[in-house]
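Peer 1:
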Amino acid sequence: MRSLLLLQLASSSALLLQPTTPRALPCHHGRVTPPRCQTSDLPPGWKVVVDEASGKTYYYNSASGETQWQKPIQRFSDRLDDKRALTPGCPWRVKIDLTSPGTSKSVTVTASLRFSEEEGYEPPQGFLLVESCLPEGVLALGEQKTRWLLSEDPDDRKDSLWIWGLFSEPLYPFILFELELAGPVKVDENVTIPAGTIYFQVDHRRKDGGVQLGEGTVKYKVQETLAADLLGMSDFSYGEPIPCGSVRFLDTVGEISKSYI
């Protein structure tokens, strides 16, 4: 009897001491195992998939190819807000004119965006969703990889508009955000804007409890490798910003004040 008890204790200890390192996520090359549970509460593009080898549930985004064990957070919904705000319930219509110095031609892209602020940050920042765009396929749809950020003058961080005792909260006259071009955009025979990230700086105001977004600039960056010292022992990558157009937030551009206060 004593030998049997010792054998049972040893077996239990071995089970408890087994490693708990998670397995690598499966790669997708073609067909995906059909989901075995509901997906209605997932963000757009995400599916619930069962790993055939382990039987465990994970999450797969068919648009981006991403896989993860953690359930994606649904930050955006179809609920509509009463006031203009940087919230999931407030869609924003934008008109982007892509062009380049030296040409009079442009390509116009319209899109619907939604913002979601993450609490606990100063300056305010959060997530950005591209719901749709025309022409289709120009912008990458869905939640973007980078955050939007309210900002003072991004070219002069010392130029602060928040003076203690004068204003009850910081004044951030700009919103900075990034979108992804899904492919190269041909402006004319000699000008093509490359696929990848385009950078926006747009006028931002607050009035009567609501948000106003106006006009702004669009740029992309050309990566260059520069020497970090005179001897050439080290180098760094620098993104040279190239102006490539303008943007207008159609819902409030006609109401926004030019003054910061």
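Using mature numbering (1 follows the signal peptide of the UniProt record, and there is no 0), the letters of the sequence shown correspond one by one to residues -24 to -1, 1 to 237. All C-beta atoms in this analysis are idealised placements derived from N, C-alpha and C, irrespective of residue type, glycine included.
With H, G and I counted as helix, E and B as strand and the rest as coil, what does DSSP make of residue 293?
Peer 2: Because the chain here runs from -24 to 237, residue 293 falls outside it and cannot be looked at.
Peer 1: Quick one, which of Val70, Phe103, Gly31 has its alpha-carbon nearest Pro19's?
Peer 2: As a working mapping, residue 19 is identified with position 43 in the sequence shown. The shortest C-alpha separation from Pro19 is found at Phe103.
Peer 1: Give every residue of the same chain whose Cβ lies closer than 8 angstroms to the Cβ of Pro111, excluding the five residues on either side of it in the sequence, and list them in chain order.
Peer 2: In the sequence shown, the residue the question calls residue 111 occupies position 135. So the qualifying residues of the chain are Val85.
Peer 1: Between which two residues does the beta strand (DSSP E) containing Val83 stretch?
Peer 2: Here residue 83 refers to the residue found at position 107 of the sequence shown. Where Val83 is concerned, the enclosing beta strand (DSSP E) stretches over 83 to 93.
Peer 1: How about Gly215 and Val198: are their beta carbons less than 9 angstroms apart?
Peer 2: Stepping through the sequence shown from its first residue, residue 215 is reached at position 239. Stepping through the sequence shown from its first residue, residue 198 is reached at position 222. Cβ distance < 9 angstroms, so Gly215 and Val198 count as in contact.
Peer 1: Between the C-alpha atoms of Pro170 and Asp164, what's the straight-line distance to the nearest angstrom?
Peer 2: Taking the first residue of the sequence shown as position 1, residue 170 is located at position 194. Taking the first residue of the sequence shown as position 1, residue 164 is located at position 188. When rounded, the distance between both Cα atoms is 13 angstroms.
Peer 1: Could you give the distance in angstroms between the alpha-carbon of Ser127 and the alpha-carbon of Glu42?
Peer 2: Locating residue 127 in the sequence shown gives position 151, where the first residue counts as 1. Locating residue 42 in the sequence shown gives position 66, where the first residue counts as 1. Cα to Cα, Ser127 sits roughly 31 angstroms from Glu42.
Peer 1: Determine the contact status of Ala158 and Gly113, defining contact as a CB-CB distance below 9 angstroms.
Peer 2: Walking along the sequence shown from the start, residue 158 turns up at place 182. Walking along the sequence shown from the start, residue 113 turns up at place 137. A contact, by the Cβ cut-off of 9 angstroms.
Peer 1: Let me know the secondary structure DSSP gives Glu107 once reduced to three states.
Peer 2: Taking the first residue of the sequence shown as position 1, residue 107 is located at position 131. It is a strand residue.
Peer 1: Suppose you measure from the CA of Asp17 to the CA of Lys47; what does that come to, to the nearest Å?
Peer 2: In the sequence shown, the residue the question calls residue 17 occupies position 41. In the sequence shown, the residue the question calls residue 47 occupies position 71. Between Asp17 and Lys47, the C-alpha separation is close to 10 angstroms.
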